[in-house]
Each structure stands twice: as C-alpha cells, then as structure tokens.
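Heads up: the sequence shown is residues 669 to 1146, going by this note's numbering.
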Amino acid sequence: MTGGPISLEEYRKEQLERPAYLQNSHAARCNCHMLHGMSRQLALGATVLATRKRSPEELDKLIQQGIKECAMHEVGHTLGLSHNFRASAYYSLDDLNDPAKTAETGLGMSVMDYNPVNIMPSDMQQGDYFSQTIGPYDIWAIEYGYKPLKAATPEGELPELAKIAGRSGDPRYAVGSDENARGIDPDPLSVRYDLGNDVVAYAKAEAKLVAESWPGVVDDLTKDGEGYQKARRAFNTLVARHGEVMFGAARYVGGVYVSRSHKGDEGAPPPLVVIPADKQREALALVEEQVFSDRPFGFPPELYSYLAASQWDHWGVSPVERTDYPVHETILMWQDRVLAKLLSPLTLSRICDAELKLSADEDVLTAAELLQRLTNSIFAETNDFNAGEYTERKPAISSLRRNVQRAYLRRMSQLALGHTSAPQDCETLAYVELAGLKKRIDTILAGDFALDAYSQAHLEESSARIAKVLDATMVTSP
C-alpha cells in the first residue's frame, strides 16, 4: 500500500528476483489490484460508520458506491486506459466533499486511480464515499484513443492527435501511471490511496478520523453473543490507515513534483519541480507528531484485552501468529517504515541534489537540517532531561519511544559507517549527530538522576553502541 521498495538497492534486488519472464516486463509492473484495495477501503469505511452508529442504508450506500467505482475502473482497462495515480490530486479536501463539483467529475479527475474511501472527520463536510462518474481525464484519454479522424493514413491523423495531446498542461489531465508510483519515485501526489491536492492536509484529516474512531471498535462493532474478532480487524484497519497516510506525508521530504507534459503544451509546468522547503518541513513536523511521538498510540490498556484473533482460516483473512495483540511490533513496523523512507539513500541524495537544483537565495530543506530535526525529535528526552520519580511502570522513556530510538540508531549507524549508498556528506553529518547525541546521553547518565531500569539500560546501551560506531573504521561509499 506504500508503493514497494523505497531504495534503489531494494528495487533492483526485487527486479532481479523476479522470474525471468517477468523481469522488466510491462505486465509485471502494471497489474491491477483495484479489487483487493477496494476491500480494504470498504473495511475502513464500514468501521468508521459503525463507530458513528450510522444506519444500514448508509452502509449500503458505501458499498454500492465502491462497487460502481471499481466497475468503472475495470471497464477503463478494457478500453485500454492505464492507471493514473495523479488524478486524485486536483481538488482540495473541501472541494472533494462538495457534491456540486464531484457530481460532474468524480472525486478525482479519473476513475483509473486507486482512490481511498472518502470519509472525513465528524467536524468536516462529507461528500460521496467514492467517485460516481468518470472524470475529465478519462474523457480526454478516450478522445485520443477513439475519436474518428478524417485522414487517409495513420500518419495523417498525427496533427489532430497532437492537438488533443497538447492539452496535457490542463491540471485536470495530469497523469502519473504505475511507472510514477513506485516506492522509489519522487512525486508524493502520484501515489495510490491518497485524496486531494495536499497529502499533508489529507494525512492530518485521516489522523483525526482514526483518533475519533478507535474508541468505538469494541462496543460498536461487537454485538451481544458475538466474539470480539471484528474489534481486532477494525483496530488493525485504523492503525494501518494511520501508518499509510503518514508514510504518504513523509514522501514530501526530498520530494519532486513530476509532470509528463511536453514542450509547447499550454499551461504545462516544468517536468521536475523540487517541492518547496516549507511544505517539506510541514510534512516532517506532522510525522514527528504522529509517528515518532508515543501520544497518538496512547490506547487504554483494557482495549488490548478485547482484540481477539480469529481462528477461522479462509481466503479472506491473513493467518494470525499471535493470539494476543502484538502492540509494540505493530507500531514499530510503521515507525521504522517511515524512518526508512526519510533516511533512505535515495531521499538523502535528492535532498542534497536540491541544493544545486535551486538558486542560493532559495530556501532548501538540507540534509543537515533533516538529521538534526530527526535526532532532536526522536531523542527529545535527552534535550532537557528532567528529574522525576521514575519506575519500570512509569519510565523516563516509554517503551514505544525506546523502540523508535533504537531503530533510528541502527539506521544512523549504518549511515555513519558508510554502509549505504547515501551521499558522503550525509555520512559525516550522521557521524556528528551521533557524537552530539552521545554527549547528551552521557550527561544524563553522569547526572544525579534516579532512572528506572529500562531507561537506564537503554541509555547505557545506546551510548555504548554509538561509541563503537564512532570508533569503527570508516568504510566510505563507492
């Protein structure tokens, strides 16, 4: 759901591990998984409607709209249309929920996108759940492929076809196909399961939606006489949606807007535009607040007693390994996934490249700023440590924070040691960040603080780990 491998090394490895007949094939890259994704979106919509105690008729509306969008999408494929994952990036969130607008165009400019269920927080206007008509891009693409042209030869059709294609600069016709929506691609607007022209604003809305929905997953989804399996599925659905949209926001960091218009197309932007630094910082601030902090995951302890696993093994469910809920594992998976994106060699390379791609008087999010911010937010406890009565049950550093801090140290250690393909400037920056962090940790350990056993062990081990990295023989990138 997040686009596949996010580093060039992982992407190349995946391509090499494909069967020979699929390597570099169009079919391997451009399969359609709309139906599978739609099932996940309907699950999310049904979960939210249940927690809001909506009527069965409203659930029927959700399902019927989803089926219609899925049918339009697949018919588009039969007519030769490819995916367009940029189509959802036209409307603002307000316009997305204005039926007067979406009745004419759908939620996006094409039904060939993979759109999520459009369900807003309770304090926002709610429009259609899914597109209910084809979009302007679909009409334009069909015109190009099927319009009868009065020409004696195929070559004679080219001038008229060029006129049609020349309208690509119209924002309604923006396109981003499978080749633009891989994990390694730079445009945060050419992705699956996003909505609106501002992915950061959408992620904020989705985070609010999740926060107001999870308190009802037990009582609102479980009837008397039923097991609690629905509660676990609903909870997983909400946690996954939170992680997916935060990963989408993280794509702004080091991101580049991509246009496939040609020279001379009216109104067309340049093919590559570095995302403004302020927008990247806004995305980074959201990730710091919603992913690296433990506050969004402050679920009441009693909730976990009701997240029962299903023992029914069938094609519609994934097998469950742990009957109890793996809370640390689940949350860390999303935290580390976002960290992997922010610290991937490809992201860091794009950030460093941006310093040359923009003039010296333009604002840029630098690699130095990124690493400094990540260190300060992920290890915020070490910035200004306060004395307190800490115990293993009320630790100085929570277990969720200790986990993400370890994940950050592992990735920064690999970076500082030159074990990645990131720019060498980033290796030296990581080295300096780790050295500064060790000083802060050592100051706490040397202070007159009564730490709990967990935090004490965590800080001592972190300091020792950093010391080994700093003392190790540096292996430079090739």
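Glycine included, C-beta positions come from ideal geometry on N, C-alpha and C.
Whole-Å CB distance - residue i paired with residue j, under 8 Å assumed
i             : j             : result
glycine 813   : glycine 748   : 6 Å
arginine 1079 : glycine 922   : In fact, because the Cβ distance is near 15 Å, the residues do not count as touching under 8 Å.
proline 767   : leucine 877   : Between leucine 877 and proline 767 the Cβ distance is about 20 Å, and since that is not below 8 Å, they are no contact.
alanine 1022  : valine 955    : In fact, because the Cβ distance is near 19 Å, the residues do not count as touching under 8 Å.
aspartate 933 : glycine 864   : In fact, because the Cβ distance is near 24 Å, the residues do not count as touching under 8 Å.
serine 1123   : alanine 1064  : 4 Å
alanine 718   : aspartate 888 : 5 Å
Between the CA atoms of residue j and residue i - distance to the nearest angstrom
i              : j               : result
serine 858     : glutamate 737   : 19 Å
proline 944    : methionine 740  : 35 Å
glutamate 1060 : aspartate 1120  : 5 Å
lysine 1106    : serine 1130     : 8 Å
glycine 672    : lysine 1009     : 11 Å
glycine 774    : alanine 1084    : 48 Å
glycine 795    : alanine 951     : 26 Å
aspartate 866  : arginine 1005   : 21 Å
serine 1066    : aspartate 962   : 8 Å
isoleucine 802 : asparagine 1044 : 47 Å
lysine 1062    : leucine 727     : 42 Å
glycine 935    : serine 881      : 42 Å
lysine 729     : proline 804     : 24 Å
isoleucine 674 : arginine 850    : 8 Å
tyrosine 679   : alanine 1048    : 33 Å
leucine 1033   : arginine 1041   : 11 Å
threonine 1096 : tyrosine 1058   : 36 Å
alanine 1103   : arginine 1070   : 19 Å
serine 707     : glutamate 772   : 26 Å
Limits of the unbroken alpha helix (DSSP H) element including residue i
i              : result
proline 1076   : With the sequence shown as reference, residue 1076 is identified as tyrosine, and proline is not the correct amino acid for it. Taken as a continuous stretch (DSSP letters only), the alpha helix (DSSP H) holding tyrosine 1076 covers 1067 to 1084.
valine 716     : 702 to 719
leucine 1113   : 1092 to 1114
tyrosine 870   : 867 to 881
valine 924     : It is not in any alpha helix (DSSP H) - valine 924 instead sits in the beta strand (DSSP E) that spans 924 to 926.
leucine 1127   : 1121 to 1139
glycine 744    : 724 to 746
glutamine 1040 : 1035 to 1046
leucine 1014   : 1013 to 1025
proline 767    : 767 to 773
leucine 764    : 761 to 764
Neighbourhood of residue i by C-beta distance below 7 Å, restricted to the same chain and skipping five residues each side
i               : result
proline 816     : none
aspartate 855   : Gly844, Asn848, Gly923, Val924, Tyr925 and Val926
isoleucine 1112 : Thr1050, Phe1053 and Leu1127
tyrosine 782    : Met702, Gly705, Phe753, Arg860 and Tyr861
Cut-off 6 Å between Cβ atoms - residues of its own chain near residue i, not counting five sequence neighbours on either side
i              : result
tyrosine 993   : Tyr972 and Leu975
glutamine 958  : Ala875, Met914 and Pro964
aspartate 1031 : Ala945
Neighbourhood of residue i by C-beta distance below 8 Å, restricted to the same chain and skipping five residues each side
i           : result
leucine 676 : Ile852, Pro1013, Leu1014 and Ser1089
leucine 761 : Met788, Met792, Leu863, Gly864, Asp866, Ala869, Tyr870 and Ala873
serine 929  : Ser836, Gly837, Ala936, Pro937 and Pro939
leucine 764 : Thr770, Leu775, Asn786, Gly795, Leu863 and Gly864
*Could you give the uninterrupted runs of the beta strand (DSSP E) lying entirely in the stretch 919 to 1005, keeping only those of 3 residues or more?*
924 to 926 and 940 to 942
*Only counting runs of 4 or more residues, tell me where the alpha helix (DSSP H) segments fall wholly within the stretch 787 to 834, in order along the chain.*
804 to 814 and 826 to 833
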